[in-house]
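Okay, so here's the structure we're looking at.
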Amino acid sequence: MNDFKTKDKFERPIISLRISITNRCNLNCVYCHHDGMVPSSDEMTPDEIYKVCQIAKRLGINKIRISGGEPLIRKDIVEIIEKIAKLNFKDVSITTNGTLLGKYADDLKKAGLNRINVSLDSLDPEVYEFVTKKDYLDKAKEGIIKSVEAGLYPVKINMVLMNGINENEVKDMFKFSKDHGIILQLIELVKSENCDDSYFSEKYYYDVNPLEENLEKIADEVRVREFMQNRKKYYIDGGELEVVHPIDNKDFCKNCTRLRISPDGKIKPCLLKNDNLVDFVKFIREDYSDEQLEKIFIEGINKREPFYK
Ligand code: SAM
700 MNDFKTKDKF ERPIISLRIS ITNRCNLNCV YCHHDGMVPS SDEMTPDEIY KVCQIAKRLG
760 INKIRISGGE PLIRKDIVEI IEKIAKLNFK DVSITTNGTL LGKYADDLKK AGLNRINVSL
820 DSLDPEVYEF VTKKDYLDKA KEGIIKSVEA GLYPVKINMV LMNGINENEV KDMFKFSKDH
880 GIILQLIELV KSENCDDSYF SEKYYYDVNP LEENLEKIAD EVRVREFMQN RKKYYIDGGE
940 LEVVHPIDNK DFCKNCTRLR ISPDGKIKPC LLKNDNLVDF VKFIREDYSD EQLEKIFIEG
1000 INKREPFYK
């Protein structure tokens, strides 16, 4: 039924591409894994990003997500989305901290952006500042509301759960989301050597298993998102909530359909690994043909293997 063009060695179709377009960020979140990227100041140009997407499309990828660092920090973000939108993907989205969305939401919508995920871990100014090291909570909330008004749909809030820091805010965040027609995504804290305090995730790790058991009980309906790491989506009192639960989760890896690209143009087969990167932009810069580029892209796909087997 689903005729995916390209599968990896583990029979997983490659459907989505997550492109990190910068390592720079205007926040400094205490737990941030920086999308697992190796530090580099090289950033692909809009034309190079377009070329990456063009090759991905030829190989059957139908969803593009732009991330970072903070993608909206790039002054050419609207141009980047405009170019990608020309390729008519099924879905083009951005993950952002939202602090610059007040400025860009309308232009991004006009440029062809379909939807947006905004990271927001707390509605409490003190907690927000503790986590992000900046007092931009109002800007982030303003950006979220502007995105809804601009017609980006759906808008999702990404909330990383931290024990003793924000796990007591789930109800409030769900209410805030529901009141604005937003889907809440609760994210399990991933251990990261990339962040300033590598012990943070051990100290504040929050086990999402009991939470999911409780959600199963209270939800009006539960759906499993096939080809989306088998994430569960809970429908409660007219609101929607998803749980992203990657740690020690073989099912998550088995159903992972995502490939990543670093800001400096390397194919990154897995969020949690950096020893199998494939340089790609190098060959765009050397004017390789589309057929040659496809082969290199497939090399990256062939390096994919489930982190938890
Ligand atoms: N700056 C953008 C933002 O804040 O959304 C995009 C980059 S950020 C690295 C992408 C997503 O990764 C955010 O939703 C963030 O909360 C999540 N993230 C970062 N570090 C994480 C960690 N250690 N565990 C779980 N999620 C994490």
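Okay, so the sequence shown: first residue is 700 according to my numbering, each after it adds one. Ideal Cβ positions, reconstructed from N, Cα and C, are used throughout, including at glycine.
| query | Of all the options 722, 780, 797, 726, which has the alpha carbon lying nearest to the alpha carbon of residue 739? | reply | 722
| query | Is there at least one Cβ from chain B nearer than 9 Å to residue 734's Cβ? | reply | This model lacks chain B altogether, as it is built from one protein chain only.
| said: Between which two residues does the alpha helix (DSSP H) holding residue 754 run? | reply: 745-757
| request: Taking only heavy atoms of the ligand SAM into account, decide whether any of them is closer than 8 Å to the Cβ of residue 769. | output: yes
| message | For residue 814 and residue 805, I'd like the C-alpha separation in whole angstroms. | response | 12 Å
| Contact set for residue 741: own chain, Cβ-Cβ below 6 Å, skip 5 residues either direction | 963
| field | Nearest to residue 997 (by Cα), restricted to the options 758, 719, 864 | value | 758
| said: When you compare the CB positions of residue 726 and residue 798, do they come within less than 9 Å of one another, or not? | reply: yes
| said: I'd like to confirm the pairing. Which residues does DSSP put opposite residue 816 in its beta bridges? | reply: 794, 855
| query | Is it true that the CB of residue 744 sits closer than 9 Å to the CB of residue 647? | reply | No answer is possible for residue 647: the residues shown for the chain start at 700 and end at 1008.
| What beta strand (DSSP E) runs, 3 residues minimum, are completely inside the stretch 907-960? | 920-924, 930-935, 938-943, 957-960
| query | Per DSSP, residue 977 forms a beta bridge with which residues? | reply | 966
| query | the ligand SAM heavy atoms versus the CB of residue 886: any closer than 8 Å? | reply | yes
| request: Report yes if the C-beta of residue 705 is less than 8 Å from at least one heavy atom of the ligand FMN; otherwise report no. | output: Because the ligand FMN does not appear in the structure shown, any question about it cannot be addressed here, the ligands present being the ligand SAM.
| said: Excluding the 5 residues flanking residue 816 on each side, which residues of the same chain have their C-beta closer than 6 Å to its C-beta? | reply: 794, 855, 857
| said: Check whether the stretch 705-713 and the stretch 984-1004 are in contact - that is, three or more C-beta pairs closer than 8 Å. | reply: yes
| task | Might you give, ordered along the chain, the residues of its own chain that have their beta carbon closer than 6 Å to the beta carbon of residue 876, omitting 5 neighbours on each side? | result | 856, 883
| field | Distance between beta carbons of residue 947 and residue 1007, contact taken as under 8 Å | value | 6 Å
| said: Here's the rule I'm using: 16 or more other beta-carbon atoms within 10 Å means buried, otherwise exposed. How should residue 750 be labelled? | reply: buried
| message | Just to confirm the assignment, what range does the alpha helix (DSSP H) spanning residue 778 have? | response | 776-784
| field | residue 712 (DSSP reduced to helix, strand or coil) | value | strand
| field | Inter-residue spacing [alpha-carbon to alpha-carbon] between residue 901 and residue 890 | value | 7 Å
| task | Spell out the partners DSSP gives residue 719 in its beta bridges. | result | 766
| said: In the DSSP assignment, the beta strand (DSSP E) including residue 885 goes from what residue to what residue? | reply: 882-887
| query | Quick one: Cα of residue 976 to Cα of residue 715, how far? | reply | 17 Å
| query | Under the criterion of a Cβ to heavy atom distance below 8 Å, does residue 727 qualify as lining the ligand SAM? | reply | no
| message | Could you tell me the alpha carbon to alpha carbon distance between residue 971 and residue 752, rounded to whole angstroms? | response | 23 Å
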